[in-house]
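Since the structure comes first, as structure tokens, the remarks are kept for the end.
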Amino acid sequence: CTANYNCTSNDTNVVCIFKISSTESHYLLNQGIDTKTKLNIISNNNMSCVQDYHDSRVLSCNGEYSNLTIDSCISICKKKSDSVCVGVEDGTQCFCGNASQCNKWNVILDRSECSSSCANHNLQICGGPWALNVVDITPPEPRFTTLSIIIIMVVGFVIICVGAVIYFYWKRRNRTETFSA
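Printed below as a string of structure tokens:
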């Protein structure tokens, strides 16, 4: 996670080409998918796109992986007991964040800044140059769904009905014994 992208042009009309070595990310290209598909993936991406910094990383770097997917980064970070969020950057970099790091973003970027395909899954977006796609991995709070409430009500109703049948059977039996005495 040490790639250093420097753009020396101050002209806003110039697009900088990053000088990167073969060991650094080269997943900025579409990797065989058309631009429309890539833009659709980016627009449907529900992860935050956050500015990262060379001298002060937003999350803790866990490494660079030539076979990175969002799921593989989540799996790596879940092994760390304190991870509550995951960040993927520039197609190959996986970051894990603890509670003090997550949700404290200085700069939220436009989703288009996070447009690098994941190294091992070109239909997944894994951030961009100095741009982290961040996702929360804390398990959701358990809550009752409509189905679980219905099941609880049905079970409760059955228990009440069985109890009523037993009660009336017992009462009828006691009444019969009273008349025969």
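Residue numbering for the sequence shown follows the UniProt record's numbering, starting at 1 and increasing by one per position. Heads up, the beta-carbon is just placed ideally off N, CA and C, and yes, glycines get one too.
Alpha carbon of residue i to alpha carbon of residue j, nearest angstrom
i           : j           : result
residue 23  : residue 91  : Low local confidence applies: a pLDDT of 37 at residue 23 is under 50, so the model's placement there is unreliable, and no value is given.
residue 156 : residue 119 : 52 Å
residue 108 : residue 49  : 6 Å
residue 166 : residue 153 : 20 Å
residue 21  : residue 116 : With a pLDDT of only 33 at residue 21, under the threshold of 50, the placement of this residue in the model should not be trusted; the figure read from the coordinates follows. If you take the alpha carbons of residue 21 and residue 116, they lie about 17 Å apart.
residue 170 : residue 164 : 10 Å
residue 82  : residue 100 : 10 Å
residue 149 : residue 161 : 18 Å
residue 183 : residue 147 : Residue 183 is absent from the model: the chain starts at 1 and stops at 181.
residue 185 : residue 151 : This structure cannot settle anything about residue 185, because the visible part of the chain is limited to 1 through 181.
residue 145 : residue 56  : 42 Å
residue 79  : residue 37  : 33 Å
residue 135 : residue 125 : 12 Å
As assigned by DSSP and simplified to three states, the class of residue i
i           : result
residue 120 : coil
residue 133 : strand
residue 48  : strand
residue 154 : helix
residue 163 : helix
Continuous alpha helix (DSSP H) stretch holding residue i: start and end
i          : result
residue 71 : 70-78
Buried or exposed (CB count within 10 angstroms, at least 16 for buried), residue i
i           : result
residue 52  : buried
residue 47  : buried
residue 159 : exposed
residue 86  : buried
residue 168 : exposed
residue 122 : buried
residue 129 : buried
residue 175 : exposed
Residue range of the unbroken beta strand (DSSP E) whose run includes residue i
i          : result
residue 59 : Segment: none, residue 59 is in no beta strand (DSSP E) and carries neither H nor E.
residue 84 : Unbroken run through residue 84: none, as it is neither H nor E.
residue 93 : 93-97
CB contact flag (residue i, residue j, <8 Å)
i           : j           : result
residue 133 : residue 102 : no
residue 127 : residue 89  : yes
residue 137 : residue 58  : no
residue 65  : residue 75  : no
residue 96  : residue 68  : no
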